[in-house]
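So in our numbering, spot 65 of the sequence shown is number 103, and the numbers just go up one at a time. For glycine and all other residues, C-beta sits at the position ideal for the given N, C-alpha and C.
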Amino acid sequence: MRASAEKIVYEGNIYRPLTEGQIEEIHNTSLKIFEEVGVCIKSAPARELWRKAGAVVDENTGICKIGKEIVDYCIAAAPKEFTQYGRDPRHNILQGGSRVYNATAGEAVTVTDLETGERRESTLYDLAAGTRLCDALENADIVQVCCYPHEIDVKREDSDIVRAFTMAKNSSKHLSVGIYRPSSVSKLYKLCNMILGQEGASRERPFFTLVCGVISPLIMDGKWTETLLESVKYGFPVASPSAPTLGTTCPGTLASQLVLCNVEALMTIITVQLAKAGHPCFYSAVPVSMDHRTGEFTFASVEGWIQNCAANQIAHWHNIPSYTTCGHSDAKVVDAQCGMEIAVGDMFQSMSGANFAHGTFGLIESGLNLSYEAYVMANEYTAMAKRVLRGIEVNEETLGFESIKKQGHGGVFLEDPITMQYMRSEFFYPKLSDRKTFSTWQEAGSPSYLKKANEIARDILANHKPLPIDPDIEEAIRKEFPDMPPDAGKIWSER
Numbered sequence: 039m040r041a042s043a044e045k046i047v048y049e050g051n052i053y054r055p056l057t058e059g060q061i062e063e064i065h066n067t068s069l070k071i072f073e074e075v076g077v078c079i080k081s082a083p084a085r086e087l088w089r090k091a092g093a094v095v096d097e098n099t100g101i102c103k104i105g106k107e108i109v110d111y112c113i114a115a116a117p118k119e120f121t122q123y124g125r126d127p128r129h130n131i132l133q134g135g136s137r138v139y140n141a142t143a144g145e146a147v148t149v150t151d152l153e154t155g156e157r158r159e160s161t162l163y164d165l166a167a168g169t170r171l172c173d174a175l176e177n178a179d180i181v182q183v184c185c186y187p188h189e190i191d192v193k194r195e196d197s198d199i200v201r202a203f204t205m206a207k208n209s210s211k212h213l214s215v216g217i218y219r220p221s222s223v224s225k226l227y228k229l230c231n232m233i234l235g236q237e238g239a240s241r242e243r244p245f246f247t248l249v250c251g252v253i254s255p256l257i258m259d260g261k262w263t264e265t266l267l268e269s270v271k272y273g274f275p276v277a278s279p280s281a282p283t284l285g286t287t288c289p290g291t292l293a294s295q296l297v298l299c300n301v302e303a304l305m306t307i308i309t310v311q312l313a314k315a316g317h318p319c320f321y322s323a324v325p326v327s328m329d330h331r332t333g334e335f336t337f338a339s340v341e342g343w344i345q346n347c348a349a350n351q352i353a354h355w356h357n358i359p360s361y362t363t364c365g366h367s368d369a370k371v372v373d374a375q376c377g378m379e380i381a382v383g384d385m386f387q388s389m390s391g392a393n394f395a396h397g398t399f400g401l402i403e404s405g406l407n408l409s410y411e412a413y414v415m416a417n418e419y420t421a422m423a424k425r426v427l428r429g430i431e432v433n434e435e436t437l438g439f440e441s442i443k444k445q446g447h448g449g450v451f452l453e454d455p456i457t458m459q460y461m462r463s464e465f466f467y468p469k470l471s472d473r474k475t476f477s478t479w480q481e482a483g484s485p486s487y488l489k490k491a492n493e494i495a496r497d498i499l500a501n502h503k504p505l506p507i508d509p510d511i512e513e514a515i516r517k518e519f520p521d522m523p524p525d526a527g528k529i530w531s532e533r
């Protein structure tokens with residue numbers, strides 16, 4: 039842990055599942071794939087970038103083959119550190135190294151209703167509420183879009199802008215959103231400049247990271263790649279995660295999955311750096327698995343946790359900030375399985391030094407359902423993980439020799455000065471976990487873990503006020519985007 043001008047920074051890199059030699063083997067195999075198999079790029083402008091750099095390009099198939107020199111150049115060109123800005127500068131974060139920043143993940147298509155507990159379709163009000171909740175939760179460093187609002191047709195030309203505006207209204211932290219159409223990037227750039235109050239301000243301090251994607255194995259989709267290039271053009275940091283599934287879109291071994299992740303993460307980085315050397319981008323890999331007994335997709339397998347930690351380690355080896363995922367739960371409701379999977383995943387992410395720790399504030403039902411209570415739980419689990427990363431402070435004072443000498447044999451240290459001095463800073467005190475005796479817990483009404491999480495979420499949404507957008511600026515935004523829904527940015531109680 040170390041202090042910075044922006045905030046307290048926690049550093050991981052404690053858990054490293056790969057040896058140096060194993061990483062080299064994975065990367066060398068990746069280089070053979072680049073040179074002998076190639077990658078399929080379905081965007082003509084991106085292929086042209088590769089061709090100009092010296093790649094062998096087959097225009098009929100879209101397959102591009104490159105040598106080690108180009109790969110090395112682009113890895114070296116990618117920035118080792120960069121700032122993800124908040125609309126409020128207090129939320130700026132410096133990415134890189136083994137610094138750990140926790141993030142939400144999206145996009146859920148259902149939500150567990152905070153009032154009734156019923157599973158229903160997610161709405162624009164839920165997107166606002168999920169964003170606002172994480173604006174208040176102190177351990178959520180980055181807020182990624184949490185759900186898709188069903189009343190906003192994905193075919194609407196302004197669907198990307200509606201979602202982005204709703205998020206910006208409800209959080210001043212760094213935001214992240216997936217963009218569905220390339221033409222939205224320039225509009226988002228205009229929206230961000232308007233919110234910041236100055237033309238070109240977004241290029242200087244972009245407060246959105248844009249998420250694209252690739253298709254495993256080895257394909258850069260045309261529309262996603264066009265969006266990626268537009269994001270570079272307008273100055274947005276980018277992540278374009280590789281997500282091969284063990285045994286379906288990659289061979290059924292952990293090592294081969296890491297090879298594919300490395301190739302697919304690097305093919306995005308290569309494209310970005312050929313478009314603009316030094317542009318901020320993530321080594322993006324979210325390796326996932328399936329249960330071969332049933333064919334069901336799983337986010338919360340122990341192999342998935344290991345693989346995402348390995349991806350963090352490979353990103354550190356390349357010296358490029360990582361974007362990986364642990365913390366989603368496959369549970370259908372918030373129960374013991376849910377708590378275990380989120381907590382263990384969050385601990386894995388933190389200990390492996392995930393930079394953009396996508397999904398530590400995770401979804402349930404394998405990423406399909408947003409639970410507000412699960413977000414509150416994740417806030418506690420990530421705080422515990424940060425305590426692990428803090429480690430143990432050992433110095434002359436904390437070793438306590440003088441206290442032990444003073445109290446002597448059979449002494450009690452409850453009121454000892456060193457105990458009084460460190461009782462707040464040395465320990466993590468949970469809000470959800472109950473440490474009372476059984477009788478005291480009963481007298482308090484036998485509150486369940488879930489009930490307390492629900493009450494905290496309700497209290498935050500009733501009382502937290504995010505940093506507002508200037509009313510005159512919001513009026514101008516609504517004139518610029520006249521189809522913006524009147525309730526964009528509101529939660530249910532503000533309807």
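Cβ-heavy atom distance, residue i to the ligand PLP, below 7 Å
i    : result
H188 : Inclusion of the ligand PLP in the displayed structure is not the case, the ligand content being empty and no account of it being possible.
Simplified DSSP assignment, three categories, for residue i
i    : result
L132 : strand
E49  : strand
Q182 : strand
K271 : helix
M461 : coil
K424 : helix
I257 : strand
H65  : helix
E44  : Low local confidence applies: a pLDDT of 49 at E44 is under 50, so the model's placement there is unreliable, with the coordinate-based value given in what follows. If DSSP states are grouped into helix, strand and coil, E44 belongs with coil.
I101 : strand
L296 : helix
R125 : coil
Y467 : coil
V200 : helix
D527 : The amino acid at residue 527 is misidentified as Asp; the sequence shows Gly. In this structure, G527 counts as coil in the three-state DSSP scheme.
M415 : helix
V310 : helix
G216 : strand
V372 : coil
V249 : strand
Residue i versus residue j - alpha carbon distance
i    : j    : result
D368 : K225 : 36 Å
L165 : E453 : 48 Å
F72  : R496 : 51 Å
E44  : Y123 : Its pLDDT being 49, under 50, E44 is placed unreliably in this model, and the coordinates cannot settle the point.
H188 : M205 : 16 Å
R473 : A482 : 12 Å
T99  : T154 : 52 Å
S42  : C102 : For S42, the predicted model reports a pLDDT of 47, less than 50, meaning its position is unreliable and no value from the coordinates is stated.
S390 : G50  : 5 Å
R125 : S210 : 5 Å
V450 : L437 : 16 Å
A167 : V426 : 30 Å
Y413 : F399 : 6 Å
K490 : E532 : 24 Å
E434 : K469 : 32 Å
P244 : V147 : 27 Å
Y487 : S471 : 7 Å
P523 : S240 : 24 Å
R256 : P282 : Rather than Arg, the amino acid found at residue 256 in this sequence is Leu. L256 and P282: Cα-Cα distance of roughly 9 Å.
M258 : T265 : 11 Å
L408 : I430 : 35 Å
S81  : R428 : 45 Å
Residue closest to residue i, alpha-carbon to alpha-carbon, out of the options
i    : options                   : result
I199 : D173, M232, S339 and L171 : M232
I52  : A348, S222 and T363       : A348
V47  : L132, L401, I104 and V75  : L132
K193 : Y413, R219 and W530       : R219
I507 : A491, K528, A392 and K489 : K528
L162 : E74, S221 and D191        : D191
S322 : I344, I358, P244 and K370 : I358
S136 : R516, A526 and K424       : K424
S376 : W343, S278 and M415       : Note that residue 376 is Cys in the sequence shown here, rather than Ser. The shortest C-alpha separation from C376 is found at M415.
N208 : I180, S221, D196 and I217 : I180
Any chain B beta carbon closer than 8 Å to residue i
i    : result
P520 : In the structure shown, chain B cannot be found, because there is only a single protein chain.
Cβ separation of residue i and residue j, assumed to be a contact under 8 Å, to the nearest whole Å
i    : j    : result
N350 : T332 : The Cβ separation is near 29 Å, so there is no contact.
T263 : A116 : Not really, about 17 Å apart at Cβ, beyond 8 Å.
S280 : A303 : 5 Å
G397 : C364 : 6 Å
N22  : A178 : This structure leaves residue 22 out entirely; the chain is present only between 39 and 533.
Next on the checklist: Three Cβ pairs or more, each shorter than 8 Å: is that satisfied between the stretch 324-331 and the stretch 377-390?
Outcome noted: no
Next on the checklist: Below 8 Å, how does it come out for the stretch 237-249 and the stretch 268-284: are there three or more Cβ pairs, yes or no?
Outcome noted: yes
Item to check | the stretch 299-311 / the stretch 336-343 touching (three or more Cβ pairs under 8 Å) | outcome: no
Next on the checklist: Under 8 Å: do the stretch 58-66 and the stretch 293-301 share three or more Cβ pairs, one atom per stretch?
Outcome noted: yes
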